[in-house]
Amino acid sequence: MPEKKEALFSKSVKSGARTYFVDVKETVKGDKYLSICESKKVDGKWERNSVMFFGETIPEIFQALREASQVIKGT
Numbered sequence: 424m425p426e427k428k429e430a431l432f433s434k435s436v437k438s439g440a441r442t443y444f445v446d447v448k449e450t451v452k453g454d455k456y457l458s459i460c461e462s463k464k465v466d467g468k469w470e471r472n473s474v475m476f477f478g479e480t481i482p483e484i485f486q487a488l489r490e491a492s493q494v495i496k497g498t
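Sequence positions in the sequence shown follow my numbering and run 424 to 498.
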């Protein structure tokens, strides 16, 4: 797992009881990666789940998200 460093980019998106965090971070070796985290309260405690994508997979992930979005929109 990459070591924590200050985010190069950060944006949060609220959706009902959940908050999503989209961050671009950099490892100590200089590798940039995308981190998407979901935060929600479960039984009075905050639960956080995250997934990380490194540079070489990001274009494929974005394409898959675009395709999924088209299915959701019905286009």
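Glycine is no exception: its CB is placed at the ideal position from the N, C-alpha and C atoms.
query, result
"Whole-angstrom distance between residue 431 and residue 495, CA atom to CA atom", "30 Å"
"Same chain only: Cβ atoms within 6 Å of residue 475, ignoring 5 sequence neighbours per side", "456, 458"
"Between the CA atoms of residue 441 and residue 470 - distance to the nearest angstrom", "10 Å"
"Residues near residue 478 in its chain [Cβ-Cβ closer than 8 Å; skip 5 each side]", "454, 455, 456"
"Neighbourhood of residue 434 by C-beta, 6 Å cutoff - its chain only, sequence neighbours within 5 removed", "445"
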